[in-house]
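Asker:
Protein chains: 2
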Amino acid sequence: MQALGRHLIVEYYDCNPKVLDEIELIETAMLEATEEMSATRVAHKFHQFAPQGVSGAVIIEESHLTIHTWPEYGYAAVDFYSCGNKVNPHIGVKVLEKYLQSKNVNVTEMLRGFVNAPHSQTLFADETRGSLVKNID
Amino acid sequence: MQALGRHLIVEYYDCNPKVLDEIELIETAMLEATEEMSATRVAHKFHQFAPQGVSGAVIIEESHLTIHTWPEYGYAAVDFYSCGNKVNPHIGVKVLEKYLQSKNVNVTEMLRGFVNAPHSQTLFADETRGSLVKNID
Numbered sequence: 003m004q005a006l007g008r009h010l011i012v013e014y015y016d017c018n019p020k021v022l023d024e025i026e027l028i029e030t031a032m033l034e035a036t037e038e039m040s041a042t043r044v045a046h047k048f049h050q051f052a053p054q055g056v057s058g059a060v061i062i063e064e065s066h067l068t069i070h071t072w073p074e075y076g077y078a079a080v081d082f083y084s085c086g087n088k089v090n091p092h093i094g095v096k097v098l099e100k101y102l103q104s105k106n107v108n109v110t111e112m113l114r115g116f117v118n119a120p121h122s123q124t125l126f127a128d129e130t131r132g133s134l135v136k137n138i139d
Numbered sequence: 003m004q005a006l007g008r009h010l011i012v013e014y015y016d017c018n019p020k021v022l023d024e025i026e027l028i029e030t031a032m033l034e035a036t037e038e039m040s041a042t043r044v045a046h047k048f049h050q051f052a053p054q055g056v057s058g059a060v061i062i063e064e065s066h067l068t069i070h071t072w073p074e075y076g077y078a079a080v081d082f083y084s085c086g087n088k089v090n091p092h093i094g095v096k097v098l099e100k101y102l103q104s105k106n107v108n109v110t111e112m113l114r115g116f117v118n119a120p121h122s123q124t125l126f127a128d129e130t131r132g133s134l135v136k137n138i139d
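Protein chains in written order, with this note's numbering: chain A, 3 to 139; chain B, 3 to 139.
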């Protein structure tokens, strides 16, 4: 059994509330994260809520990034979901940490899509566990 | 400590591969799920991959829904992330199950965004645990 994707579920606490309410900055941060983690962007959409908060999604060839911000709590929920060994989502986590000025970041990483792969590659070699997922194309 | 959101991470295995590769059907399914679970849609974007597969995101007032399909494995990864007590994401899970004709659905539910709420409401009363999240507005 091999996993098709990895999903990083990231909680950014103690962020700068002003940043969390600026849609242009949030969009810049998310697109920069996409690029820095070597993902290929195919579409994106961001939305400013009233009275406050921003939501957005970036669809990448390798899956997606999403963000939701709560300026009133200094909190943002971000997901980095990717496939293949080209992308390193942990780089994206760091980019967002910098932009949001979060003082408390919590990362949960899970593997998704356990399927019988058509070829018998090893998805996680010991040396790459927790770092990069191997392609199973 | 109270949670701002709930996140359903859903794996649909043994789906109809043809459905998984039809962007219009996937979009219809996702928008119907959004409506049926009483979420308010604010933006959406879907993308057809070559040679196969569809990705998409629906930003809702209460957070988001995303989907990625792998027709070659009969598998789709779907996320239902929502806030408040108006939305019941499990209804969305059922809508997608029907459309994708999945014979094997795996749901993981997690709470996200543990913050000190401004008022001392109870987020999960015993009788609602695992069903509806209380608003903490």
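Backbone N, C-alpha and C fix where the C-beta goes; we use that ideal spot for every residue, glycine too.
Every value quoted in this text rests on a predicted model; they were computed, and no experiment measured them.
1. Would a C-beta distance cut-off of 7 Å place His-66 (chain A) and Ser-57 (chain A) closer than the cut-off?
2. Going along the chain, which unbroken runs of the beta strand (DSSP E) with 3 or more residues stay wholly within the segment 41 to 98 of chain B?
3. Here's the rule I'm using: 16 or more other beta-carbon atoms within 10 Å means buried, otherwise exposed. How should Ala-31 (chain B) be labelled?
4. With a cut-off of 7 Å, does the C-beta of Thr-71 (chain A) fall near any C-beta of chain B?
5. With 9 Å as the C-beta to C-beta threshold (strictly closer), list the residues of the segment 37 to 66 of chain A near chain B in chain order.
6. Please name the residues in the segment 97 to 123 of chain A whose beta-carbon is closer than 7 Å to at least one beta-carbon of chain B, in chain order.
7. Which of the three DSSP states is assigned to Met-39 (chain A) in this structure?
8. Between which two residues does the alpha helix (DSSP H) containing Lys-105 (chain B) stretch?
9. When DSSP labels each residue in this structure, what does Glu-24 (chain A) get in the three-state scheme?
10. Grouping DSSP H, G and I as helix and E and B as strand, with all else coil, what is Met-32 (chain B)?
11. According to the neighbour-count rule (16 or more other Cβ atoms, all chains shown, within 10 Å of its Cβ), is Met-3 (chain B) buried or exposed?
12. My understanding is that Lys-60 (chain B) touches His-46 (chain B), with C-beta atoms under 8 Å, so please give their C-beta distance in whole angstroms.
13. Name the chain B residues whose beta carbon is nearer than 8 Å to that of Gly-86 (chain A)?
Answerer: Walking through what the data contain:
1. Numbered from its first residue, the first sequence carries residue 66 (chain A) at position 64. Numbered from its first residue, the first sequence carries residue 57 (chain A) at position 55. In this structure, Ser-57 (chain A) does not lie closer than 7 Å to His-66 (chain A) by Cβ.
2. Complete beta strand (DSSP E) runs here, min 3: 43 to 50, 56 to 62, 65 to 72 and 77 to 85.
3. For the purposes of this step, residue 31 (chain B) is taken as residue 29 along the second sequence, with counting starting at 1. When all chains shown are included, Ala-31 (chain B) counts as buried.
4. Indexing the first sequence from 1 puts residue 71 (chain A) at position 69. Interface criterion not met: the Cβ of Thr-71 (chain A) is under 7 Å from no Cβ in chain B.
5. Against chain B - using a Cβ distance shorter than 9 Å - the residues of the segment 37 to 66 of chain A are Val-44, Ala-45, His-46, Lys-47, Phe-48, His-49, Phe-51, Ser-57, Gly-58, Ala-59, Val-60, Ile-61, Ile-62, Glu-63, Ser-65 and His-66.
6. Against chain B - using a Cβ distance shorter than 7 Å - the residues of the segment 97 to 123 of chain A are Arg-114, Gly-115 and Val-117.
7. Position 37 of the first sequence, counting from 1, holds the residue named residue 39 (chain A). Residue state, collapsed to three classes: coil.
8. Here the question's residue 105 (chain B) lines up with position 103 in the second sequence. Where Lys-105 (chain B) is concerned, there is no enclosing alpha helix (DSSP H), given that its DSSP letter is neither H nor E.
9. Locating residue 24 (chain A) in the first sequence gives position 22, where the first residue counts as 1. In the structure shown, Glu-24 (chain A) adopts coil according to DSSP, grouped into three states.
10. Within the second sequence, numbered from 1, the residue matching residue 32 (chain B) stands at position 30. For Met-32 (chain B), the secondary structure class from DSSP, reduced to helix, strand or coil, is helix.
11. Start at 1 with the first residue of the second sequence, and residue 3 (chain B) comes out as number 1. Answer is exposed; the Cβ neighbour count stays below 16.
12. In the second sequence, counting from the first residue as 1, residue 60 (chain B) sits at position 58. In the second sequence, counting from the first residue as 1, residue 46 (chain B) sits at position 44. For clarity, residue 60 (chain B) is Val in the given sequence; the question names Lys instead. Contact flag correct, Cβ pair sits at about 4 Å.
13. In the first sequence, the residue the question calls residue 86 (chain A) occupies position 84. Near Gly-86 (chain A) there are no residues of chain B at all, since even the closest Cβ is about 12 Å away, more than 8 Å.
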